[in-house]
Amino acid sequence: MLTRLKVDGFKNLVGVDVRFGPFTCIAGENGTGKSNLFDAIRFLSRLAAGKTLLEAANLVRDEAGRSGDARGLFHRVGKCTSSRMSFELEMIVPPEAVDDLGQRGVASTTFLRYRLELGLRPSPEQGGQGHPLEILREELAHINLGEAREHLLFPHDAKHWRKAVVSGRRGAALISTESSEDGGEPQRLIKMHQDGLSGRPRGFLAGPLPRTVLSSAQAAESPTALCARREMEGWQVFQLEPAAMRRPDDFEAEARLRPDGGHLAATLARLVEPRTPKPVPAPAAAELSSAGAGAPAEGIPIGPLIANRLAELVGDAREIRVDRDEKRQVYTVFLKTSDGTEFPARSLSDGTLRVLALAAMEWDDETPGVICLEEPENGIHPERVRAIVMLLQAMAVDPRGMADTTNPLRQVIVNTHSPSVVGAVPRDCLLLARSIRSLAGAAVAPPVEFVPLPNTWRTHADSQVRPIAPGELLGYLDPMANARKGEMGPDETAVVRQPEFPFLNP
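Take any residue in the sequence shown, note its place counting from 1, add 714, and you have its number in this note's numbering.
Right, here's the structure in full:
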């Protein structure tokens, strides 16, 4: 779980400091840079997964919308490009993880702080050699259990939740950066320390490192760093594409939803098989029972739960079935309606497919711990947007409940420019992305800040936070306001100005 993220010098994220709760909605106009926060999360995740600095950078689009240009990720003002970018994050990691060789590691502590600072080498025209990125600093350290309350600011149950997910003992640094001199030349050395005080740390010269030291963590030497690595690897930014979700899957396809929604058929095949029921919370069990569906003693099949959720959100959906074509060796998703008609995935609407993917994520134990979702309202009828917001909230952990298998440590972060989404989001969960024009200068994109509403847990915890002024949300909460004021042009035939709709023109 990502609880705090500081970013400086990455695209238009300058001095950004964002605290996250279980569910966070970031609203902002197109072009403000709200998606750049997702890009920063994706960049860190790919680095932890073992991508080289250059490979991870090439997966992210620069401020001009191009990919494959690492230099374009650094903040620019006019012709001047920042030479550094830094990231600092606080996270709750899983208590154990398995490394690349199948070995299990147990974390000595589960609340950690990770810092990474990258530098921009001179370009070839300036005499530079090799790839343009280098690691200037990398650190991983524990956060004292006694300080957890000061770091986890969102409302939560200290006894049943915080003390269950934040555990362990104090210890020395897990990854550190030191400076030394070798033959008179200053050298930066990044050290991977073994858990505990015994054992010599492994040292790496920072200059030639192609990837982060964290990405090399293994169970035998650094199990806590391994757990941090696995946590960050699991952060996924989803941009659900209907074309990807419509495709059948081979039997051998990975049965896990891809960021574009691909492998939906294989994922559902794994979930709906009756031999793999999943224990569910009592409210869900009661809901299923009231719907007339049975459940085996060892748990409730997931297929009916997904179908019920789909019926709530898109209407006429009775059953989700995955057809196994033994001859072609492919899975195909079918939706059955109340009259018994079956429709293959290729015939389903974009909105239905997106809801189906979200419902699958909700009940999938293998859904990543941090889910970032771009514009969840896409393809959804406005009357169903509130239900989508409720589904996204239900996917996230409830920190006021027990920390157990029915309440997994899952976090949901969405961005939007939709008034319907903003109006349905709980006030504690909303952040507004707004450009800082006074600092823009000649920047390609003005710096952005992420601001909460007044009288929420973020403002209560930090008196320095400047909340949103009520007028700044007017365009979201009353999207017809500009039309009534005539700011949408002189067209008197506009719907908002018609006498039969007086409620739009009070």
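In this text, a Cβ means the ideal position worked out from N, Cα and C, and glycines have one as well. If you're wondering where the values come from, they're calculated on a predicted model, not measured in any experiment.
Kindly list the residues whose CB is nearer than 6 Å to the CB of A1011, restricted to its own chain and excluding five residues on each side of it in sequence; keep chain order.
-> Annotation note: pLDDT 35 at A1011 (below 50); position unreliable, coordinate value reported separately. Within the same chain, A1011 has no close Cβ partners at all.
For R989, I'd like the list of residues in its chain whose CB is within less than 6 Å of its CB, leaving aside the five on either flank, ordered along the chain.
-> Note that R989 scores a pLDDT of 47, beneath 50, so its modelled location is shaky; the value from the coordinates is reported in the next line. Excluding residues within five positions, none has a Cβ falling inside 6 Å.
According to the Cβ coordinates, are E955 and G975 closer than 8 Å?
-> yes
Over the uninterrupted alpha helix (DSSP H) stretch that includes C1143, give me the two end residues.
-> Element bounds for C1143: n/a, residue is neither H nor E.
Check the C-beta distance from R876 over to A855 and give it rounded, since I have them as a contact under 8 Å.
-> The pair is not a contact, with the Cβ atoms about 19 Å apart (cut-off 8 Å).
Grouping DSSP H, G and I as helix and E and B as strand, with all else coil, what is V1111?
-> coil
Check L716 in the structure and name its three-state DSSP category.
-> strand
Where are the beta strand (DSSP E) runs, 3 residues long or more, that stay fully inside the segment 782-833, in chain order?
-> 798-806, 810-812, 818-820
Which residues in the same chain have their Cβ closer than 7 Å to the Cβ of R1141, if we skip the five residues on either side of it in sequence?
-> L1167, T1170
Among H874, V1126, T938, P1181, which one has its Cα closest to the Cα of D1118?
-> H874
Could you tell me whether the segment 815-829 touches the segment 879-887, using the rule of 3 or more Cβ pairs below 8 Å?
-> yes
Meets three-Cβ-pair contact criterion under 8 Å: the segment 1125-1140 and the segment 741-755 = yes
Give me whichever residues DSSP pairs with Q950 in a beta bridge.
-> I1085
Going by the beta-carbon positions, is the gap between F801 and K720 smaller than 8 Å?
-> yes
Does the beta-carbon distance from C739 to L1144 come in below 8 Å?
-> yes
Q1178 classed as buried or exposed, judged by whether at least 16 other C-beta atoms fall within 10 angstroms | exposed
Coil, strand or helix - H870 by DSSP | coil
How is the beta strand (DSSP E) around N1129 delimited, first residue to last?
-> 1125-1130
Between the segment 1033-1049 and the segment 926-942, are three or more C-beta pairs nearer than 8 Å?
-> no
Let me know if T926 comes out buried or exposed under the rule of 16 or more other beta-carbons within 10 Å of its beta-carbon.
-> buried
Grouping DSSP H, G and I as helix and E and B as strand, with all else coil, what is A1117?
-> coil
Classify P997 as helix, strand or coil using the three-state DSSP reduction.
-> Confidence at P997 is low in this model, with a pLDDT of 47, below 50, so the placement of that residue is unreliable and no value is reported for it.
Closest residue to P962 among I889, P1058, N1022, Q908 (Cα-Cα distance) = P1058
Proximity below 8 Å, CB of M688 to CB of E945 | As displayed, the chain neither begins before 715 nor continues past 1220, which places residue 688 out of reach and without an answer.
Secondary structure, beta strand (DSSP E): runs of 3+ residues fully inside the segment 906-948 | 916-919
Could you give the residue range of the beta strand (DSSP E) that holds E955?
-> Where E955 is concerned, there is no enclosing beta strand (DSSP E), given that its DSSP letter is neither H nor E.
From A958, L1123, A741, L761, pick the residue whose C-alpha is nearest to that of L847; which is it?
-> L761
CA-CA distance, E987 and V791?
-> 55 Å
Helix or strand or just coil, what does DSSP make of A855?
-> strand
L1188 classed as buried or exposed, judged by whether at least 16 other C-beta atoms fall within 10 angstroms = exposed
Are there 16 or more other CB atoms within 10 angstroms of the CB of V812, so buried, or fewer, so exposed?
-> exposed
In whole angstroms, what is the alpha-carbon distance linking R960 and N744?
-> 28 Å
Assign E864 to one of three DSSP states: helix, strand, or coil.
-> helix
P869: which of A1183, N1121, P1113, D1192 sits nearest, CA to CA?
-> P1113
Whole-number beta carbon distance between L1072 and L1105, since they are thought to touch under 8 Å | 6 Å
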